[in-house]
Each structure stands twice: as C-alpha cells, then as structure tokens.
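Chemist:
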Amino acid sequence: MAGQEDSERLTATTSVRLRPGVSCVPHPGGGLYLAAWPHGRHLPTPTPAQRELLARLAAGACRGDGLTGEERELAELLERGGWLETTFLQGGRPLYGVLPVKPLDTPGGPPPRGVDPRWRLSRFALLRRDSAGMVLESPCASADILIHDSALLGLLGGPDGAGGTPPAGRFWHDLWRTGFLVEEDGGEEPRLRHWKVHDLWFHTRSRSGSRGRPRHGFGATSWGRGRFPQPPARRTASCGPVIDLHVPDLAGLRDADPGLTALVEDRESVRVHDDGDPLTLRQLGEFLYRCARVRDVTASDGMQLVNLPYPSAGALGELDLYLVVRRVAGLDPGLYRYDGHAHRLERRPADAAARRQLVRDAAASAGGAPPPQVVIVVAARFARLMWKYEGMAYAAVLKDVGVLFELMYLVATAMSVAGCALGAGNAELFSEAAGLDRFEESSVGEFLLGSARPPRTVEGGADGVPAV
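Okay, structure coming up:
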C-alpha cells in the first residue's frame, strides 16, 4: 500500500492553459497582447519558444511541470498575472484546479509549511456546488478553487482533515497563496473587521469588475429569455373586494405644492401619528397616486415597460405595495395590495395575529414608537427583474426601493402627513401573512404612514417644535 502511494506521488502532474475568456492577439507596437476584461498585458518581446507555448496554451491544456527555460519563465509571469488556469492531477486523475479571477495577490510573510495548523480557512470562504464539481470562492481571494476530489474537502475544516491525502501540502499552499487562509492567532485584518460575511459577498458580487463584465454574465443580459417566462407588468387581480381611490388634481398640485428645495429641506422622519385625527382614505389615495400609480405600459424587445412616478431599473416596475392598515378613517383595518394600474386597493385575506405582529415589528423597528396607522410594505416580484438582470438584480431592487422611499418622503412632506422609512422588516412573517411564496415575491422595504400630530408648544418658547 505504501508503495502504491509513493507511485501516485511520483505521477503527480499539473496541467495549464489560458483561463477562459483570455484572448492573445498581436500588439500594434510589436509582440503580443493578452486581454481578459478588465485586465490586459503587453508581452513586447516573446521568444519563438514562448510564442509557441502561448499558442499551445490557447489551443488547450499542456503539461505545466514539463516546461523548461524560457517556457517556465513565461508560465510564471502568466501565473502571477492571473492568466493561467492550473489543474493538479494524481495518476492522471484531476484533484483540484486554480482558476484566477484577477492577478495573483500573494499574502505577505512566510508561507505555511505543509498543512500548517497555524493557518485556517477565512470566514469569507464559501463552498458551493457547480456543474463541474465543488467550487471554493471568497471575495478576498484572487482565484476560485475547483475541487474535483472530495477527499480534499476534509482539509477545509482544518489540518486534522488532511488524512493521507498525497497533495495536502500543495493544496494548503495554494489556498494560502490565493488568499483563502488566515493566521489562527494573527487576528483579522483591520480593513475586514467591520464586514459581515453576507455584506461583503453582496457588495463584491453585485458590482462589475474581475468577476462581472457588463453584458457578459453580468448586468442587462436578458439571461432568462428562453429559460422562464417574465411575469407580466400587471398581475392577475385577486378575488377579494376592491376599493377605488381618490384621484388628486395634479394640475392644481403643481401650483399649490411647495417648491422642491422646500420639500427637500423640510423632509423628516416622523414616527408618531395622531390617532385622534387619523389619516383619511382620501389622503391615502392621493399619496399612492402621487408615489406609485402606473402612468403607462409599453412594449419593447419582448418586455412590458412600466412608466411610474419614480425611475425603476429597466423600467420593469418590479415593486408592489401592500398596506397593513391599523387606523385609517374610511377604511377597515386589514391587509391590502395597491393596484397601481387601476388605482385601487385589493383586500387580501390575512391572519389578524400576523397582521398585528407586522404592526408591532414596524413600531419596534422605528425605535419603539407607538403603533403606526399604516405600514406600507414594499414587495418585489423578483423574476420580473431577474429575468433581465444578471449578478446585480437584487442590488437594483434595493436601489429602486431607495428611490421610492425618497419620493414617499417628499410627497408626505408636501401633504403634511407623517412618513418614515424603516431599516428592516420581517420578510418571512409578511410572506406568511400575505400568502406569498417568498422566493417569488417578498418584502424588501417598509414605510410608515399616518397623520402628523399638530406642532407642540414649549412653555416660554415658540410654536412649531416637532413632535418627534
């Protein structure tokens, strides 16, 4: 058995090739040019042997451990620059591969010796299944590790999982040099201390860069075309009762409203409402009309584009508004969906206990304020946007929520009603209350709306001190 392991060690080989997406073309100034967006590298004076190697690397994989002289010099340069994909084999069987996503950024200090227990996997590392096997990724790493042999997975938990795996030392070294390992007792880098794992992943993967090229696996690729249908702009109406809403006179409001500067400067978050003189159904109708009605729907390239009072990603209008009503004059408490196409409310069946909990959660999120009169839950129909956008669709959803929030603030200020955006909400509870599949449609934002309390007076002072 020992002889067999020795034999396998002797047959360990590497296979190298230009990583996917790399082009090698003549440079106008002489030599060759390597390009893989957003990086490029000019090779001004490649020798004939190096040119021949580049041709082989571009055509397919070749033995990396058999290179000599000028070939090895070029291969090392390409490896440091992140141009080469390397696969490690044992007895002709692939064990793992190193697929760069940017130039190699080797950590400072001495490398670990073998499977060194002083090093451990970074908390940002993520292991997932891919069509080719398992992939280890990290927003802090300069490469992805493609794991073909499941025996190596034990190493990811620490050196104790190495067992008798022959390439364990080399695998550990490659994890270190590509940025997957951190020192056990070295403490975390100060620049990373404030990042939660999901926050850093979301930030790095929703921006273009080494991993995301616009229209090439990232951005507006319409990747869902032919895979699944894009939901229509207007959803099927529910069977519940509907309430037609007041349509305000926009021409009159153009003249009567304060100017933009006044609205922006007077905007504030008002968390406490006046239950003695609550928001009216007429006011609610005006607010929704000015913020979220559908002005028009047009067709373009097989998509329905929605014209709204606020800009939305791709004009797809993926956001829907649900209203958890506690106290509105002229409207029964309950859960409603706003139909912006018909400017009306649709009553939705909802468990009373879940509805009350949504109101309590909103009050708690507002810093322990009294129960709000209305909680506007902003929900997203994900497939409507994700059908078109790849890699950054959810980030676009949150940008749309932010734009809508600002419009809600400005309209609330113009109407002299109380508005306040919330920083967090319970998506699972909302999906349960509304009877929605949270992977198809889920809450992505919450906004409190109600009547504003009259300005208080301070003894010995002036009128107009804000209530909150």
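One point on numbering: in full-length UniProt numbering, the residue at position 279 of the sequence shown is 279, and numbering is uninterrupted.
Each residue gets a CB set at the ideal place from its N, CA and C atoms; glycine is no exception.
Put F447 into one of helix, strand or coil per three-state DSSP.
Modeler: If DSSP states are grouped into helix, strand and coil, F447 belongs with the strands.
Chemist: Which of helix, strand or coil does DSSP assign to F439?
Modeler: In the structure shown, F439 sits in coil (DSSP, three-state: anything other than H, G, I, E or B).
Chemist: Run the CB neighbour count on K196, radius 10 Å, all protein chains shown included, and call it buried at 16 or more, exposed below.
Modeler: Exposed: under 16 other Cβ atoms inside 10 Å.
Chemist: Does the Cβ-Cβ distance between G158 and I147 come in under 8 Å?
Modeler: No.
Chemist: Check whether the Cβ atoms of A379 and Y322 sit closer than 8 Å, and answer yes or no.
Modeler: Yes. Within cutoff.
Chemist: Between which residues of its own chain and G3 is the CB-CB distance below 6 Å, once the five residues before and five after are set aside?
Modeler: Bear in mind that a pLDDT of 46 at G3, under 50, signals an unreliable position, so the number given afterwards is only what the model happens to contain. There are no such residues.
Chemist: Would you mind working out which of P248, Y310, E188, S210 sits nearest R19, comparing C-alpha positions?
Modeler: Of the listed residues, the one whose Cα sits closest to R19 is S210.
Chemist: Under the criterion of a Cβ to heavy atom distance below 7 Å, does P370 qualify as lining the ligand GTP?
Modeler: The model depicted lacks the ligand GTP and carries no ligand whatsoever.
Chemist: Looking only at its chain, what residues have a beta carbon closer than 8 Å to the beta carbon of P248, apart from the 5 residues adjacent to it on each side?
Modeler: Only G285, E286, Y289, R290 meet the Cβ criterion.
Chemist: According to DSSP, is R63 part of a helix, a strand, or is it coil?
Modeler: Correct three-state label for R63: strand.
Chemist: Give a yes or no on whether the C-beta atoms belonging to D174 and V115 are separated by under 8 Å.
Modeler: For D174 and V115, no; Cβs fall outside 8 Å.
Chemist: Quick one: using the 10 Å Cβ neighbour count with 16 as the cut-off for buried, is G461 buried or exposed?
Modeler: Per-residue confidence for G461 stands at a pLDDT of 35, beneath the threshold of 50, marking its modelled position as unreliable; the derived number appears in the next sentence. It counts as exposed.
Chemist: Along the alpha helix (DSSP H) that carries A35, what are the first and last residues, could you check?
Modeler: A35 -> not in any alpha helix (DSSP H); beta strand (DSSP E) instead, spanning 32-36.
Chemist: Compute the distance between the beta-carbons of E183 and R271, then report whether it is under 8 Å.
Modeler: Cβ distance not < 8 Å, so E183 and R271 don't count as in contact.
Chemist: Compute the Euclidean distance between the alpha carbons of L279 and G450, then round it to the nearest angstrom.
Modeler: Looking at the two C-alpha atoms, the distance is approximately 5 Å.
Chemist: Of all the alpha helix (DSSP H) runs that stay within the bounds of the segment 147-214, which reach a length of 4 or more residues?
Modeler: Taking only runs of at least 4 residues, the alpha helix (DSSP H) segments lying wholly in the segment 147-214 are 168-177, 197-205.
Chemist: Pairing CB atoms from the segment 101-114 with CB atoms from the segment 24-36, are three or more of them under 8 Å?
Modeler: With the cut-off at 8 Å, the segment 101-114 and the segment 24-36 do not touch.
Chemist: With which residues is E346 paired in a DSSP beta bridge?
Modeler: Answer is V242, R337, bridged to E346.
Chemist: Answer with buried or exposed for C24, where buried requires no fewer than 16 other C-beta atoms within 10 angstroms of its C-beta.
Modeler: C24 comes out buried.
Chemist: Starting from residue 471, trace the alpha helix (DSSP H) both ways and give me its first and last residue.
Modeler: Examination of residue 471 is not possible in this model, given that the chain is present from 1 through 468 alone.
Chemist: Specify the secondary structure class of C24 as computed by DSSP and reduced to three states.
Modeler: Looking at C24 - three-state DSSP - the assignment turns out to be strand.
Chemist: Would L153 and A168 qualify as a contact pair, given that the criterion is a beta-carbon distance under 8 Å?
Modeler: No, they are not a contact pair.
Chemist: Alpha helix (DSSP H) containing S365: first to last residue?
Modeler: Where S365 is concerned, the enclosing alpha helix (DSSP H) stretches over 352-365.
Chemist: Is it true that the segment 439-450 meets the segment 409-426, where meeting means three or more beta-carbon pairs spaced less than 8 Å apart?
Modeler: The answer is yes - the segment 409-426 touches the segment 439-450, with three or more Cβ pairs under 8 Å.
Chemist: For L84, which of A143, G391, D351, S300 has the nearest alpha-carbon?
Modeler: Ranking the options by Cα distance to L84, first place goes to A143.
Chemist: What residue range does the beta strand (DSSP E) around Y394 cover?
Modeler: Careful: Y394 lies outside any beta strand (DSSP E), inside the alpha helix (DSSP H) at 393-415.
Chemist: Assign L126 to buried or exposed, taking buried as 16 or more other Cβ atoms, counted over all protein chains shown, within 10 Å of its Cβ.
Modeler: Result: exposed.
Chemist: Identify whether L43 lies in helix, strand or coil by the three-state DSSP scheme.
Modeler: Three-state result, L43: strand.
Chemist: Taking the continuous alpha helix (DSSP H) assigned at D266, which residues delimit it?
Modeler: Run containing D266: 260-266, per the alpha helix (DSSP H) assignment.
Chemist: Which term fits F439, buried or exposed, when burial requires 16 or more other beta carbons within 10 angstroms of its beta carbon?
Modeler: Its Cβ having fewer than 16 others within 10 Å, F439 is exposed.
Chemist: D296 lies in the beta strand (DSSP E); which residues open and close that run?
Modeler: Here the beta strand (DSSP E) through D296 covers 296-300.
Chemist: CA-CA distance, E70 and E189?
Modeler: So the alpha carbons of these two residues sit roughly 38 Å apart.
Chemist: Who pairs with A58 in a beta bridge, going by DSSP?
Modeler: In DSSP, A58 forms no bridge with anything.
Chemist: Within a Cβ cutoff of 6 Å, which residues of the same chain sit near S365, ignoring the five residues on either side of it in sequence?
Modeler: Closer than 6 Å at Cβ, skipping near neighbours: L422, A424.
Chemist: Once the 5 residues before and after A393 are set aside, which same chain residues still bring their CB inside 6 Å of it?
Modeler: Correct list, in chain order: L385, M386.
Chemist: Three or more C-beta pairs under 8 Å: does that hold for the segment 255-273 against the segment 366-373?
Modeler: The segment 255-273 vs the segment 366-373: in contact.
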